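Asker: Position 56 of the sequence shown, counting from 1, maps to 56 under our numbering, and the rest follow consecutively. For glycine and all other residues, C-beta sits at the position ideal for the given N, C-alpha and C. Because the structure is a prediction, the values reported are computed rather than measured.
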Amino acid sequence: MATIKRNRTLSLLFLFFCNTIAIAQTQPDTNKSTKFSYATPFQLLEPKYITTGILHNRVIDYSKIQKFQGLTTDSITDYNNWYQMYWELSRADIKKSTSLPNIYEVQKNATEKEKKGVIQIGIINMFYNTIKPDAIDKGQLKMENNQLKDVLPRNGTPYETKRCFTIAPLSESILSGNNTFVFNSDFYFSNTGESIQSIIVDLDDGMGKRNLMINQPFSISCLTSGIKTISIAMQTNNKQTYYAKTTINKYRYKKGRLLLSGA
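So this is what it looks like as C-alpha cells:
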C-alpha cells in the first residue's frame, strides 16, 4: 500500500510539473520575477550525475522523442518534428556542454544552401538522460518544496540513458521534378562519438535503395506530387546500424514557417 501511495504521489507531482511547465512555456513572459521556469523542478539536481549533460525531463515531450531510437520500428518524422526534437535536446542541456548550434542558425544555414540548389538532410544522433520512474521509491532522489534533489550516498543511478536518432530534409517542401540532396557532415549532430561510415537510402522515387557516403550529393526526379517517405540505414564506425524514416511534401514550393512547441 505504501508503494502504491508513493507511486501515486510521484505521478501527481510530475503531472503538476508538466502542467506548470506548459503554462510557463506558452504564456508571454510579462513578469520575469515570478514566472515559473520550465526547468525549476530539476534545477537543484547535481549536473555531474547526468552523464550525457541532457536531462529531457526539463522540457515537455512534444516530439515524442522516445519513438525515435534508430530502430526499424521507429515512428516516421518530418521537418517540424525533427526541429522540435533538436529544440528539446538543446533546451534540456543542463550542463550547456553539448554545443548544439542555435536552432535558428541551423535553419538559416540550411535555407542558404537550399537557395544554392542543394537540400540538406539533417541527422540527430544524440544520447540524453531521463529520470527513472522509481527513482524516489528507491531513495535515489527526494522531493523538497516541489523540487527534486539528489540523495547521497545511494545505490545505483536515478537516470536512464537513451538515444535519439532521427533524420529529415531541412526543407518543409520541394518542387516536383529534379531535386538535389546531401547528407552534409555540418548537419550531423551527435554526442555519441560515432562517425558515419555509409548510408543506404530509399527516396521513394521508384529507383530502389542507394549506397551513399557523407557529403555526397544525390539527385532525385519525380513528377508526381504528394507526401514522399525517405528511409535510411546508417552505419557508423563501430559497425552499428541505425534506421530512420521521414516525410517530405513534393508539391508546389511554398516555404513554411518553423513551428516549435514550447519555444
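Taking just the CA atoms, how far does Leu212 sit from Ser198?
Answerer: Cα to Cα, Ser198 sits roughly 6 Å from Leu212.
Asker: Per the DSSP calculation, Glu160 is bridged to which residue(s)?
Answerer: Thr130
Asker: Curious, which full-length alpha helix (DSSP H) runs of at least 4 residues does the stretch 52-111 contain?
Answerer: Here the runs fully enclosed are 79-91.
Asker: Just verifying my parser: in three-state terms, what is the DSSP assignment at Thr241?
Answerer: strand
Asker: In the DSSP output, what is Leu203 paired with across the bridge?
Answerer: Looking at the DSSP assignment, Leu203 forms no beta bridge with any residue, so it has no partner.
Asker: According to DSSP, simplified to helix, strand and coil, what is Phe183?
Answerer: coil
Asker: Helix, strand or coil for Glu144 per DSSP?
Answerer: The answer is strand: DSSP assigns Glu144 an E or B state.
Asker: Taking 7 Å as the limit between beta carbons, can you name the residues of its chain near Asn57, skipping five residues before and five after?
Answerer: Around Asn57, the same chain offers Phe42, Thr130, Ile131 as residues with beta carbons nearer than 7 Å, after the five sequence neighbours per side are excluded.
Asker: Helix, strand or coil for Pro47, going by three-state DSSP, please let me know.
Answerer: In the displayed model, Pro47 falls within a helix according to three-state DSSP.
Asker: In three-state DSSP terms, what is Asn249?
Answerer: strand
Asker: How many angstroms separate the CA atom of Met207 from the CA atom of Ser221?
Answerer: 10 Å
Asker: Taking buried to mean at least 16 other C-beta atoms within 10 Å of its own C-beta, is Met234 buried or exposed?
Answerer: By the neighbour-count rule (16 or more Cβ atoms within 10 Å), Met234 is buried.
Asker: Give the C-beta separation of Asp204 and Ile230 to the nearest angstrom, bearing in mind that I take them to be a contact with Cβ-Cβ under 8 Å.
Answerer: Yes, Asp204 and Ile230 are in contact; Cβ-Cβ is about 6 Å, under 8 Å.
Asker: Would you mind sorting Met308 into buried or exposed? The rule is 16 or more other CB atoms within 10 Å of its CB.
Answerer: There is no way to answer for residue 308, as the model of the chain reaches only from 1 to 263.
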